[in-house]
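Trainee: Protein chains in written order, with the numbering used here: chain A, 773 to 1193; chain B, 773 to 1193; chain C, 773 to 1193; chain D, 773 to 1193.
There are 4 protein chains.
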Amino acid sequence: MIIPFHVREMLRRIKLRYDAEKTPQQLAPSDDDFTATRPSRKASPETVARFWERLKPRASEADQLQIADPATVQVAEIYGANIENFIGTVKLPVGIIGPLRLNGMNANGDFHVPLATTEAALVASYGRGAYAATQSGGISTAVLYEGVLRTPAFVFESLLQAGQFVDWVVSNIDMLKAAAESTTRHGELVSLEPFIDTNVVFLICRYTTGDAAGQNMVTIATDALCRAIADDCPIPIENWYIEGNFSGDKKASALGLVTGRGRKVSASVILSAKIVEKTLGTTVDAMLAYGQVANLGAHLSGQLGAQAHYANGLAAFYIATGQDAACVAESAMGVTRMESRGEDIFCSVTLPNILVGSVGGGTGLPSQTAALNILGLKGNGHGTALAEVAAATCLCGEISIVAAIAAGHFTRAHESLARHR
Amino acid sequence: MIIPFHVREMLRRIKLRYDAEKTPQQLAPSDDDFTATRPSRKASPETVARFWERLKPRASEADQLQIADPATVQVAEIYGANIENFIGTVKLPVGIIGPLRLNGMNANGDFHVPLATTEAALVASYGRGAYAATQSGGISTAVLYEGVLRTPAFVFESLLQAGQFVDWVVSNIDMLKAAAESTTRHGELVSLEPFIDTNVVFLICRYTTGDAAGQNMVTIATDALCRAIADDCPIPIENWYIEGNFSGDKKASALGLVTGRGRKVSASVILSAKIVEKTLGTTVDAMLAYGQVANLGAHLSGQLGAQAHYANGLAAFYIATGQDAACVAESAMGVTRMESRGEDIFCSVTLPNILVGSVGGGTGLPSQTAALNILGLKGNGHGTALAEVAAATCLCGEISIVAAIAAGHFTRAHESLARHR
Amino acid sequence: MIIPFHVREMLRRIKLRYDAEKTPQQLAPSDDDFTATRPSRKASPETVARFWERLKPRASEADQLQIADPATVQVAEIYGANIENFIGTVKLPVGIIGPLRLNGMNANGDFHVPLATTEAALVASYGRGAYAATQSGGISTAVLYEGVLRTPAFVFESLLQAGQFVDWVVSNIDMLKAAAESTTRHGELVSLEPFIDTNVVFLICRYTTGDAAGQNMVTIATDALCRAIADDCPIPIENWYIEGNFSGDKKASALGLVTGRGRKVSASVILSAKIVEKTLGTTVDAMLAYGQVANLGAHLSGQLGAQAHYANGLAAFYIATGQDAACVAESAMGVTRMESRGEDIFCSVTLPNILVGSVGGGTGLPSQTAALNILGLKGNGHGTALAEVAAATCLCGEISIVAAIAAGHFTRAHESLARHR
Amino acid sequence: MIIPFHVREMLRRIKLRYDAEKTPQQLAPSDDDFTATRPSRKASPETVARFWERLKPRASEADQLQIADPATVQVAEIYGANIENFIGTVKLPVGIIGPLRLNGMNANGDFHVPLATTEAALVASYGRGAYAATQSGGISTAVLYEGVLRTPAFVFESLLQAGQFVDWVVSNIDMLKAAAESTTRHGELVSLEPFIDTNVVFLICRYTTGDAAGQNMVTIATDALCRAIADDCPIPIENWYIEGNFSGDKKASALGLVTGRGRKVSASVILSAKIVEKTLGTTVDAMLAYGQVANLGAHLSGQLGAQAHYANGLAAFYIATGQDAACVAESAMGVTRMESRGEDIFCSVTLPNILVGSVGGGTGLPSQTAALNILGLKGNGHGTALAEVAAATCLCGEISIVAAIAAGHFTRAHESLARHR
């Protein structure tokens, strides 16, 4: 049978649910009545209660108390600035790792890093990596590059107008830069590169964003830039869009890997043979041998870059510190390197797309602020340091997971920590 | 000057922080003393308090109360099953969208979907998409495919042994399948495909995982499979690893796009011209015109698939319902299509890598359970329905964002909702 | 100036050619008369002469003699089976490397490999690699996998019909396989995997193709398969296409890397430290050190796989032996590995998409037949051996180029060999 | 059986050739004697004859005459500048398409384009596309961008030195530019962008190369730049390499797609509904409907960009006109767009990496010069025009193949033209 087994097996399972009469009806549009939700942009104890009335047929009073607990409802207004149709909060457990020593351009000293996750073994694993790194004198870090992208698109009748448009943009760049920067105190337009595909022109706008992650800031600035173009440009524009789906916003893309988006950070450490053995329970040679296979796997499976996985640490760090968890999709890219240095092992990560802020977004919410305070990195002046902590945390994870797989401990750790639920 | 401006600007900023004497010292390893954390696998009010003692120099009493609030500390043990070094919880605001009508193979009826996010405008935007879809009769969905991958790697002396090994595996497949499945009640090994690179053999193992997301389940099953090989296989194995970094676990990869990982779900709806105009404030033609540009942007920036962004909805859904937020890195891939159907518009998404469970992971935690109860999808029998809701939610987001950009409202929405923080 | 210099420089150059009045006219469609060419499917001295009459205003008599030389024109009919509108032949210089020792599953013995190229230094470089490999006892090779893909697409009204269609295909697979195979003596349909995106179903058809490269064979077989579906399938098909642009035919794609297309071949050799020093003029350590950087570069630039470059050797080999040179676009992918083995170095390549045949295509043309005879691999029974020679040739190139760059000789070689033209 | 059928089938075939005793021996290194070839850098009738002596055991006198025909041997010296170990020439049939009307910034007028291929139906198909385009008033083209890349890599002890190095490079950029440009009359270094990964710095050097393809030119210029760095830079460099395997040289890479390499060219045309019907035998709607599916296939299979296939036309054009056929690997990328324009269809291609020259490489060889003369584009001043012809040719192919698949004629064309061999 040349049809793969798993396809046939899937089909078999689907057919168990399939009824020749009912299934087609079930998949078809239905014009049954429904009562639309009245959206609520401001949150208050009353709006919360109102929403729960809708949810009650399915959810219980007890459910309501878990999400809309009194302490949460009391400060509903605070949360309301970050969300619509607010019904309460979900509580994610936070664990800490550390002290994690950073020898960074921006982050310097010993940190305890809060990580929010529901995956057992994750904190223990990152903690082990942190311990090995700190024993080795700490992790060197630097923000190498910065630049959140927005790429508006302009559509013209033909290539000719597209070319004339590029010429106009280049001639009016100072005015356009001023228009963009008029919307923000902290953002700066540091590069604008036109990219033509026949009659469509994308403008690759790169901004620095101060201490904020800056996604919103660059959208507003770019909107102003586009409106300035729309107002003044004599070449007839057929359509323009604030984003041509080119900037790599919240998705993994080759562009993000190649040009960076957000902050690009390198973090590295040399672990001595002794620490690898005592703390990580394996050897430098075993880690390097696995590194070769893991690198091969990365190539063969078409990863963007090569890593064990940054997503675990990044998601846990982003959630705990009030960052945008959706950005994990674009941030969890980069290259992990493990190389021999005499008897020891050099371990490094470079992530080109870290999107974090010490201000803005969810950083002002109560528990998230508290998490940033644990790091001492809340508020102005800490954006780059925060990015360095994020990268260093990823490096801890890479060290621990590579060591665990090399040593054959990987499954055991998950089994003993996660199976008891 | 042929060096790009933003590179020079970055350098200028770095040099502001650079001191020829101090910076090198700052980046170098330091052997200052430090006190290691005693890891804690079980959580109790005492362990929580103990950890906060460490954090106090930087964090305040008030910070502690935000994270280690009394209600949380009281149930520390419950959280302890999902995390180590527990210090409390971070609270993420939850908003709801709906009723969202699903006409699915597995999810059927009108749902209110809880979304946890700190990005203002997100819930409003998804809610708008849900309203348009429900007005149109609802979203058709189906899980098309299933299969969480693990890809252990086996290293041999040379190609010859690698080939002999593949022959042995194929001859012993029934025993190996039994070994893998002996570890799990719900998991099934539905495909095993060997993949050779000279002397290295990856075994692409694909499992169905019942109602669980199943990452842990497949690791444990594959470990048993590998140990059965290691015990019985007469061909000398130089090294083997539970994961050859090939399965695409928690990172975007071409493999995940091509072969799927987790559940593959399609969701689609036809929106009438009238609904597009009244509810979305734009026209079918405007959406299709932007769709062409967005598709071009996806190709030119090297996305894996093409989408506006699934990550927003996925992350918010995963966090609210106790899924593994790190999986957003691999789940936020796929293809969004918008096509003309007469006067109307056909909108569909297909996500090949949705990793959700109605049991296991963080689904048993108190507020996450409550969120699943809002959906009526907690516990056995709801894994596939949950995946369909996740995909349908992504479709709502795509509809709304494409409409907003097509109409030129995108920035305004973010500005009015997000700027007031 | 935030516009990159090279963009402004490009614009400056374009503007030198730009005339506000004339350029727009020049770029606009023109309805000037023209005389269409009468296409010619058969070639003869007369058709050749007729075409040259058209070319004469620009081309000279001397030009005609270079392309339509008497020896070529005399056998015009032979060439005519492979081309339309035949005007003669272009002559590419051929050099040989070897003896290249192959210890292959299919190719065994010492070969001289003909390479057709106009890039000076290429043959010398591959020859050096072949010498080092043969001194080391030769290159082990094996065809690991086989399967030319065609992926017809079927469009339905909705997901429901798409699912029913898949069920029908699986139920009728034997009939469909028979239909496909009825068109070919040598081709075999060895896998058919349906792939759904909402209402579109791609059928991933994988064929073995005997000794031919088989692109044509699989198209014809798949057409028969599709027509059998169109004739018999009761589910209403809105449209179907012989190729859904999914198979990776003649372009680099992740699919090709992950699943293979054509023949997948590994070739490897261990070079002793002494041979690296004497023949390649560098050291094992230097090659490994460069290998680390080259691997990093491959990841960071988003290559499909990792290699120095296979394209040089593949193009030269394909052209010399009558293969389809356009297939270089998909064949020139894969992974090169260089690893330490004690004091020595293990070098391997795996190419998943080699498309070669010892019959069919251009292999029957006079000089191409002669080139295959140099290898002793013309005609039936030699398809897999030919693929192994192709991979081994690529390995020779990788060895030589890595050694040259590691040693700092790379530029010098090109300078001394190529600059004298 | 969960092992896929085609894997088992492959294994079965391999085992037919497998002998437990002989096969291992056959795959092992062999120290049998061999006689090395004395490499020959200059070609003459004598060296040609000497090489054929080696080839004779396998090749016949007749084979020799096909490759080393008297006319070729007579001018052996001319070929010798482009190859080593010269043994004669391989003859590829050339067909022409045209007149192809170009309304280009650089190429203007009606051209006959020579294409060298052994794939029957290719020339007929491209000719059909050219006819439709010319009937429609011709193809608008422009070179949008230019820049051959070389990316040398410099390795340092740590991040600190890497950063100091970047600072030094930026401070000394004028000297470095002068060093690079001292080696070439036509090349210009138009951008240098440093790219750091922890302790490794890649310098992305972008050159314009006059009328040459320029691969050699940029290697030599970059070598001079690197040597200037090595001589003068006070920061200790551990290793440096002329190419860090980052530039995308002769392989498909995301970098090439995103930043371009070689010349970036757009070509577009609007075909009227009538011409689509009369000349292409299909309808605008049918082409657009297939275009949607083809675009979906491109996304799902992980292509770099989206196209039917450029490789056929590019390879045939490169070979006929003396370009480097290996560059097809990187050139055959880009995006094809087909969009509705009222009743008509807009068709465009953009290829970011066309590598062609009107001077240098193989352009000076006798028959290749003749092919360039057919175009009237031999010698100085024609590099950009040649790139525009290449892109326009690709557009002709896209039009024809999309129309053929949309109409269901694709297989028939190949069957009738290619099966008769």
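Where is the CB? At the ideal position from N, CA and C, for every residue including glycine.
The structure presented is a predicted model; accordingly, all values stated were derived computationally and were not measured.
Less than 8 Å between C-beta atoms, sequence neighbours within five positions excluded: which residues of the same chain meet that for Arg1193/B?
Mentor: Since pLDDT at Arg1193/B reaches only 44, below the 50 mark, its modelled position is unreliable, and the value read off the structure follows with that caveat. Answer for Arg1193/B: Ala892, listed in chain order.
Trainee: Give a yes or no on whether 7 Å exceeds the smallest Cβ distance from Glu781/B to chain D.
Mentor: Not closer than 7 Å to any Cβ of chain D, the Cβ of Glu781/B fails to qualify, so no.
Trainee: Where do the ends of the beta strand (DSSP E) carrying Asp805/A lie?
Mentor: No beta strand (DSSP E) holds Asp805/A; DSSP gives it neither H nor E.
Trainee: Alpha carbons only, please: which of Ala1162/A, Ile1047/A, Thr1156/A, Trp940/A is nearest the one belonging to Arg900/A?
Mentor: Ile1047/A
Trainee: Under the assumption that Glu1111/B contacts Gln1064/D (Cβ atoms under 8 Å), give the Cβ distance between them as a whole number of angstroms.
Mentor: 6 Å
Trainee: For a minimum of 4 consecutive residues, which ranges assigned as the alpha helix (DSSP H) are wholly contained in the stretch 917–970 of chain B?
Mentor: 931–943, 945–953
Trainee: Nearest-angstrom Cα distance between Tyr1229/C and Ser1025/C?
Mentor: Only positions 773 to 1193 of chain C appear in this structure, which leaves residue 1229/C out of reach.
Trainee: Is the beta carbon of Ser1040/C closer than 7 Å to that of Ser930/C?
Mentor: In terms of Cβ geometry, Ser930/C and Ser1040/C do not form a close pair [threshold 7 Å].
Trainee: If Phe928/B and Asn971/B are in contact, beta carbons under 8 Å, what's the gap, nearest whole angstrom?
Mentor: Taking 8 Å as the upper bound for CB-CB distance, Phe928/B and Asn971/B are in contact here, some 5 Å apart.
Trainee: Using the DSSP secondary-structure output, state which residues sit across from Gln1075/D in a beta bridge.
Mentor: Ser1025/C
Trainee: Against chain D, with Cβ distances strictly below 7 Å, would Glu1170/C count as a contact?
Mentor: no
Trainee: Check whether chain A comes within 7 Å of Pro776/D, counting only Cβ atoms and requiring the distance to be less than that.
Mentor: yes
Trainee: Got a sec? Which residues, its chain only, sit under 7 Å from Ile1177/D by beta carbon, not counting five neighbours each side?
Mentor: Tyr1062
Trainee: Would Leu916/B pass as a contact of Lys1036/B if the rule is Cβ separation under 7 Å?
Mentor: yes
Trainee: Please work out which residues of its chain come closer than 7 Å, Cβ to Cβ, to Val920/C, disregarding the five sequence neighbours upstream and downstream, and give them in chain order.
Mentor: Once the five neighbours on either side are set aside, the close Cβ partners of Val920/C are Tyr979, Thr981, Gly986, Gln987, Val990, Arg1033, Gly1034.
Trainee: Taking 8 Å as the threshold, find out whether the stretch 1089–1107 of chain B comes into contact with the stretch 1004–1024 of chain B through three or more Cβ pairs.
Mentor: yes
Trainee: Roughly how many angstroms separate the alpha carbons of Thr795/C and Asp1057/B, rounded to a whole number?
Mentor: 32 Å
Trainee: How big is the Cα-Cα spacing for Ala1066/A and Val1030/C?
Mentor: 16 Å
Trainee: Answer with buried or exposed for Gly1153/C, where buried requires no fewer than 16 other C-beta atoms within 10 angstroms of its C-beta.
Mentor: exposed
Trainee: Could you have a look at Lys1050/A and say whether DSSP puts it in helix, strand or coil?
Mentor: helix
Trainee: Alpha helix (DSSP H) containing Ile1146/A: first to last residue?
Mentor: 1138–1147
Trainee: Taking Glu825/A as the reference, give the member of Thr1108/B, Cys1005/B, His884/B, Ile1091/B with the closest Cα.
Mentor: His884/B
Trainee: Quick check: the Cα distance between Thr1055/D and Leu1043/D, rounded to an integer number of angstroms?
Mentor: 11 Å
Trainee: Using three-state DSSP, classify Val847/D as helix, strand or coil.
Mentor: coil
Trainee: By the 10 Å Cβ neighbour count, where 16 or more other Cβ atoms means buried, how is Asp835/D classified, buried or exposed?
Mentor: buried
Trainee: Quickly, what does DSSP pair Val1128/C with across the bridge? List them, please.
Mentor: Val1128/C is not bridged to any residue.
Trainee: Put Pro776/D into one of helix, strand or coil per three-state DSSP.
Mentor: Residue state, collapsed to three classes: coil.
Trainee: Hey, is Asp939/B's beta-carbon within less than 7 Å of any beta-carbon in chain C?
Mentor: no
Trainee: Where do the N-terminal and C-terminal ends of the alpha helix (DSSP H) with Gly1114/B fall, by residue?
Mentor: Premise fails: Gly1114/B is in no alpha helix (DSSP H) and is neither H nor E.
Trainee: Decide if Ala808/A is buried, meaning its Cβ has at least 16 other Cβ atoms within 10 Å, or exposed.
Mentor: exposed
Trainee: Taking C-alpha atoms, which residue in Ile868/B, Leu864/B, Val820/B lies nearest to Tyr851/A?
Mentor: Leu864/B
Trainee: Give the secondary structure of Ser816/A by DSSP, where H, G and I count as helix, E and B as strand, and everything else as coil.
Mentor: coil
Trainee: Of all Cβ atoms in chain C, is any one closer than 7 Å to the Cβ of Pro817/A?
Mentor: For Pro817/A, the answer is no, since every Cβ of chain C falls outside 7 Å of its Cβ.
Trainee: For Ile911/B and Ala1157/B, what's the separation of their Cα atoms in angstroms?
Mentor: 13 Å
Trainee: For the putative contact between Ala848/C and Val820/C, defined by C-beta atoms under 8 Å, what is the C-beta separation to the nearest angstrom?
Mentor: 6 Å
Trainee: Measure from the alpha carbon of Pro924/D to the alpha carbon of each residue in Arg999/D, Gly870/D, Leu1127/D, then state which is nearest.
Mentor: When each option's Cα is compared against that of Pro924/D, the closest is Arg999/D.
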